[in-house]
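K.L.:
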């Protein structure tokens, strides 16, 4: 079972074995990039470009698990706790 969260509670659930992984989001980075995008639009009319191969701007996410699977990029719960929000 996998969740989308990445906060301390979600990572704790991975660490305890309640779930297998959580998709860690970065709300502070999202906010920073959003404010920068608004500034750039207002200041010079420049909109953020879509991320390569996507039709949107990807603010990033990491899979947090202590059971990594071949071919699936992931980070450990230790990494997740060090980078968790909330």
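Numbering (the numbering used here), first residue to last: 2 to 87. Built from N, CA and C at the ideal position, the CB exists for glycine as well.
Three or more C-beta pairs under 8 Å: does that hold for the segment 16 to 23 against the segment 48 to 66?
P.N.:
The segment 16 to 23, when compared against the segment 48 to 66, does touch it at the 8 Å Cβ threshold.
K.L.:
Please state whether the Cβ-Cβ distance between residue 85 and residue 7 is less than 8 Å.
P.N.:
For the purposes of this step, residue 85 is taken as residue 84 along the chain shown, with counting starting at 1. For the purposes of this step, residue 7 is taken as residue 6 along the chain shown, with counting starting at 1. Cβ distance < 8 Å, so residue 85 and residue 7 count as in contact.
K.L.:
May I ask you to report which of helix, strand or coil DSSP gives residue 23?
P.N.:
In the chain shown, residue 23 corresponds to position 22, counting from 1. In this structure, residue 23 counts as strand in the three-state DSSP scheme.
K.L.:
As a quick exercise: from 38, 2 and 15, pick the residue whose alpha carbon is nearest that of residue 79.
P.N.:
Residue 79 sits at position 78 when you count from the first residue of the chain shown. Nearest C-alpha to residue 79: 15.
K.L.:
For residue 27 versus residue 61, is the C-beta distance shorter than 8 Å?
P.N.:
Counted from its first residue, the chain shown places residue 27 at position 26. Counted from its first residue, the chain shown places residue 61 at position 60. Their beta carbons are under 8 Å apart, which means residue 27 touches residue 61 by this criterion.
K.L.:
If you draw a straight line from the alpha carbon of residue 11 to that of residue 52, how long is it in whole angstroms?
P.N.:
Residue numbering aside, residue 11 sits at position 10 when the chain shown is read from its first letter. Residue numbering aside, residue 52 sits at position 51 when the chain shown is read from its first letter. Computed Cα separation, rounded: 27 Å.
K.L.:
Is DSSP giving residue 62 helix, strand or coil here?
P.N.:
Here residue 62 refers to the residue found at position 61 of the chain shown. In this structure, residue 62 counts as coil in the three-state DSSP scheme.
K.L.:
What number of angstroms, rounded off, separates the C-alpha of residue 41 from the C-alpha of residue 47?
P.N.:
Along the chain shown, one-based indexing puts residue 41 at 40. Along the chain shown, one-based indexing puts residue 47 at 46. If I take the Cα positions, the gap works out to 5 Å.
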